[in-house]
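Written below as structure tokens is the structure these notes are about.
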Amino acid sequence: MSSSTSSSCITWVCLNVFLVLFFSGNAVFCGTIVKYLPGFDGELPFTLETGYITVAESELFYYFIESERNPREDPVMLWYSGGPGCSTFNGLIFEIGPLAFNITAYYGGIPSLEYYPYSWTKTCNILFLDAPVGTGFSYATNVSAAYPTSDTKSAQQTYEFLIKWFNDHPQFLGNQFFVGADSYSGISAPIVVKHIIDGNDAGDIPRFNLKGYIVGCPRTDAIINSNSKITYSHRMGLIDDALYEATKKSCNGNYYDVDESQAECYDNILKAEKLYQDINKNSILEPKCTWASPEQSGESDRRSLVGESENFILSPPKIPDFWCHNFNYALSYIWANDGNVQKALNVREGTVLNWVRCNKTLDYTMNVDSVIDVHRYLSNKGLQVLVYNGDHDLTVPNTGTQDWIKLLNMTIVNDWRQWLVDGQVAGYTIKYTKRGTGYRITYATVLGAGHSPQEYKRRECFDMFLRNRVMAPLAKADQNQSVFVNKMCLCILLLLALSGIGASQNQSNIVKTLPGYNGELPFKLETGYISIGDTDDVQLFYYFIESERDPITDPLVLWLTGGPGCSGLSALVYEIGPLLFDVDGWDGSFPSLILNNYSWTKVANIIFIDQPVGTGYSYARTQAGYNTSDTKSVAQAYSFLRKWLTYHPKYLTNPLYIGGDSYSGITVPLLVQTIIDGIKAGLEPSFKLQGYVLGNPVTDSFIDDNSRIPYVHRVNLISDEYYEAAKRYCNEDYINIDTNNSMCVAAMTAIKECLLQINLVQILEPQCAFASPRRRELEWDIRVREADTLNYLLSENKLPKLTCRSFSYMLSHMWANDEAVQAALYVREGTMNSSWMRCAKTMPFYTEEISSTVAYHKNFTKSGLRALIYSGDHDISVPYIATLSWINSLGVPIFDQWRAWFVDGQIAGYQQKYMNDNYRLTYVTLKGAGHTAPEYKHKEALAMIDRKRLGERSASHAGGGKSLIRAEN
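Residues in the sequence shown are numbered from 8 upward in steps of one, following my numbering.
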């Protein structure tokens with residue numbers, strides 16, 4: 008036999024021996040390609056391999072998914088989840104992998120899987136590892152030797168796993184390699200990276216082509232993480248200023264491991280923790296869906312909380328709707344414990360009796376309190392690092408992560424700034440380096456995301472990863488991205504020629520049907536005009552809706568919408584009225600109307616008025632009639648109310664409240680004072696005034712505007728450094744800026760850059776006001792922003808999907824300008840010489856002459872009135888801290904301290920009550936709401952108004968109590 012033939016034979020024999028070993032179930036290395044999975048329709052559109060690697064007495068299970076782009080050149084990343092004890096299946100299905108459960112179409116049985124397009128495997132090979140042993144499908148062959156495991160032991164085993172896996176997959180040794188982890192694995196991941204570097208330095212085989220690591224919402228240092236929870240809770244409005252300052256002082260800024268010997272500090276911490284104990288700590292805006300029996304008390308392990316939710320879901324005969332974020336975790340239990348699924352994944356039979364997403368009974372020792380020193384060590388190794396947080400995560404607050412990053416003493420390369428996805432702010436980023444080492448660390452927040460961010464913002468996190476795969480800085484979007492050219496402008500014509508109109512000057516009509524609504528209205532709607540002035544020059548239009556409960560005894564509310572220049576219809580169909588536009592069902596045709604089940608007309612009679620004149624359908628006969636102001640508009644509203652009650656005398660005995668939001672924070676107090684003065688003067692008709700209601704109210708121009716800077720710092724839109732610089736150089740006055748003060752100007756310029764693309768009325772929603780060219784200055788007037796949006800929409804040949812809240816305002820423009828609608832509403836023909844606008848971009852004949860109404864509120868503290876003031880806590884335009892500031896300046900004692908209030912067992916916001924012998928005021932926040940808070944939280948806002956919040960202590964949970972605005976006997 009020739010030497011060449013002999014060589015070929017040996018090669019063939021070796022290849023077959025290798026294949027036999029490779030596919031043998033008893034082999035040390037066992038990886039199998041999975042082409043089909045139960046629940047997924049058809050062959051998987053990516054390469055999935057599953058298998059085990061033996062590490063000492065442990066069999067560690069993995070899922071390996073090749074990059075969908077170029078697996079031979081794209082990076083390889085190890086990814087394992089936190090807990091400790093949470094399966095990496097969580098990362099594959101819920102976070103960064105190419106599969107997701109179809110939660111919208113689950114009716115029992117094996118859950119369906121669907122392909123997820125924003126998977127990190129688009130550009131990266133990802134090795135998902137069930138570690139430590141006892142996690143997911145990983146198991147021990149010798150229990151007494153494998154357990155207990157620990158932070159250090161798990162990190163060592165993960166390193167040994169990688170050595171063996173790469174020896175078994177040598178084709179990937181040349182690829183760039185990253186280690187990725189989140190949550191509690193923020194402890195072990197840096198240790199794993201250190202093992203790899205130390206092994207490379209020692210010449211161990213294989214040599215890893217290590218380039219860096221990625222950690223999301225990472226547990227890093229026990230003290231910093233614990234301390235940051237109190238600070239973060241205060242910044243996000245969960246803890247009031249007074250308690251925070253008291254806790255900070257008594258504890259000297261340290262809230263970690265405090266015992267009862269530090270009595271004042273200990274008590275203050277307990278009070279603070281009580282305020283957020285019912286908050287979903289993984290995402291403070293989402294419901295907390297954890298159940299235990301007996302009822303859960305105190306701080307619990309996050310894995311236990313999740314497990315209890317899943318036990319609850321799996322226990323009923325029918326799985327409930329997936330209205331809570333963690334309900335869909337139950338699908339992973341059903342799927343992963345199915346025999347056919349385990350067979351498809353090549354799970355070894357009998358090794359795991361009951362798969363759990365997070366193993367809360369894991370025999371594990373947390374023996375590492377801090378890995379900051381490990382990060383310091385790694386900062387000398389030329390690595391590229393991405394660290395990120397969801398900015399609504401209380402489990403590992405972003406403030407704590409930023410604190411430990413600063414301790415590394417890096418040099419800032421790119422200072423704090425926005426990063427964008429599809430032209431919208433997706434978060435904020437800052438980039439550091441350690442000179443002379445090549446080490447670079449990018450820190451990013453993910454706007455609106457919780458713990459872990461990828462579960463909440465998969466698309467945004469995909470973009471974040473894609474940009475940082477080669478560790479380029481999170482770039483600002485192209486200046487032209489999401490900037491649309493306005494092709495036409497809407498002219499707001501305020502001069503109307505109204506002579507010759509023969510309608511009655513004071514006219515009311517019952518409206519039984521409306522275009523867009525299917526059938527007869529199930530409530531009583533009246534529309535009409537009230538003439539104002541000696542010559543009836545001004546004609547104010549109104550919508551009146553009777554209470555659906557008891558119109559004879561329920562309160563009467565006159566509602567003034569803000570602006571100035573926003574129509575009462577806006578409040579009726581977007582905020583507190585019984586109708587809503589069917590935004591989800593809109594197909595481009597005439598808008599449809601649906602019922603709002605959480606209308607305030609369930610408990611009150613409400614007059615929605617178009618004022619000042621020139622707003623909505625209100626008009627003046629002459630040009631001079633349009634000349635108005637804060638005081639003149641209030642005088643006209645007072646005349647309107649007197650005439651309206653004269654024509655509707657049956658409501659004279661109903662308790663009367665004046666309500667409004669936004670700019671009505673100026674006009675409502677003036678009107679209340681005018682009514683009080685009229686009552687004292689004995690004017691008829693006599694009003695049964697009980698109080699007033701204000702939402703996100705413009706109150707004091709300096710307090711409101713100046714509070715925006717502290718607020719945007721609290722909610723992490725600007726960095727500590729930017730805030731401290733502005734605070735120092737501007738002397739805490741961010742309004743009256745001396746242009747010669749270059750340091751103040753520079754600080755404020757940096758801050759404004761961070762806010763340019765933010766939605767100022769709800770920081771978590773898209774900012775969909777379009778202008779050309781792109782704005783370089785902040786536009787605080789939301790009427791101008793809305794007009795820009797409307798101009799853009801009207802200029803398009805085809806209207807887009809209503810993905811932005813401001814886009815849905817287009818429906819009111821279409822509806823209210825329709826001739827059939829105006830006829831149904833009894834709008835006087837010929838009075839609308841220009842288009843109806845929800846909010847007029849400008850009121851050219853309106854003078855804003857009142858800069859503060861604090862003195863009016865101060866006067867009311869002697870009047871015997873009841874007041875409800877509420878704020879959406881995600882509004883920059885009138886921040887809740889501004890409203891609290893002027894309320895506290897009134898000098899009314901607090902009789903019910905800051906505490907949570909509930910709807911359906913969930914925290915809906917926080918409240919604080921003030922009272923003296925002559926006045927009662929309740930202040931309420933609505934968690935997650937923006938400006939005009941009821942528009943964002945209909946159900947919660949109705950629960951707020953339907954409780955007796957201005958009197959005695961309200962119930963802890965929704966469902967009980969008298970109406971907030973019901974007069975007392």
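Note that the Cβ used here is the ideal one computed from N, Cα and C, for glycine as well.
Residue i vs residue j beta-carbon contact at 8 Å
i	j	result
F144	V354	yes
L563	L586	no
E221	L393	With the sequence shown as reference, residue 221 is identified as Ile, and Glu is not the correct amino acid for it. Yes.
T128	E75	yes
Y463	P571	no
W905	Y917	yes
I552	K650	no
D470	V432	no
Y263	N289	no
Q919	D247	yes
K944	L933	yes
I203	Y239	no
I545	A611	With the sequence shown as reference, residue 545 is identified as Val, and Ile is not the correct amino acid for it. Cβ atoms of V545 and A611: not closer than 8 Å.
R242	R721	yes
S896	V861	yes
L696	G667	no
G937	H881	yes
P91	V381	no
Q461	I103	yes
D543	G457	no
Beta bridge counterpart(s) of residue i as assigned by DSSP
i	result
K441	Y446
Y926	N923
R721	Note: R721 sits in no beta bridge, so no partner.
L875	V700 and T929
L5	A query on residue 5 cannot be resolved here, the shown segment of the chain reaching from 8 to 976 and no further.
L547	I537
I419	Y439
Q284	The partner list for Q284 (beta bridge, DSSP) is empty, contrary to what the question assumes.
V679	Its beta-bridge partners do not exist; DSSP assigns none.
R906	Q918
F615	Y550 and W566
Identity of the residue in the options nearest residue i by Cα
i	options	result
A830	Y645, N396 and N516	N516
T706	A754, K865 and L659	K865
Y87	N77, L99, E80 and D81	L99
Y371	P294, G89 and M817	G89
N347	F814, D208, P45 and D591	P45
C131	F71, Y123 and H176	F71
L67	V41, T111, F101 and A153	A153
T148	D211, I212 and E64	E64
D557	T608, G592 and I194	T608
C775	D745, Q769, F814 and T746	F814
Presumed contact (8 Å Cβ cut-off) between residue i and residue j, rounded CB distance
i	j	result
V83	N182	5 Å
Y435	I448	Not really, about 15 Å apart at Cβ, beyond 8 Å.
F615	Y550	4 Å
I3	I379	This structure leaves residue 3 out entirely; the chain is present only between 8 and 976.
D398	N766	With 8 Å as the limit, D398 and N766 do not qualify as a contact, their Cβ atoms being about 15 Å apart.
N703	V910	About 19 Å; that fails the 8 Å criterion.
V899	Y926	6 Å
G623	W843	7 Å
S892	I710	6 Å
Y699	L872	7 Å
F867	V679	7 Å
Proximity test, Cβ basis, 8 Å: residue i and chain B
i	result
N743	Here there is only one protein chain, and chain B is not present.
Any contact between the stretch 735-743 and the stretch 404-411? By contact I mean 3 or more CB pairs, one from each, below 8 Å.
No, the stretch 735-743 does not touch the stretch 404-411.
Taking 8 Å as the threshold, find out whether the stretch 132-139 comes into contact with the stretch 112-119 through three or more Cβ pairs.
By the Cβ criterion, the stretch 132-139 is not in contact with the stretch 112-119, since fewer than three pairs of Cβ atoms, one from each stretch, lie closer than 8 Å.
Three or more C-beta pairs closer than 8 Å, one from the stretch 638-646 and one from the stretch 578-598: is that the case here?
In short, these stretches do not touch, since the Cβ pair count stays below three.
Taking 8 Å as the threshold, find out whether the stretch 43-59 comes into contact with the stretch 413-427 through three or more Cβ pairs.
Not touching, per the Cβ criterion.
Answer yes if the stretch 221-232 comes into contact with the stretch 161-181, meaning at least three C-beta pairs across the two stretches below 8 Å, and no otherwise.
The count of Cβ pairs closer than 8 Å, one atom from the stretch 161-181 and one from the stretch 221-232, stays below three, leaving the stretches out of contact.
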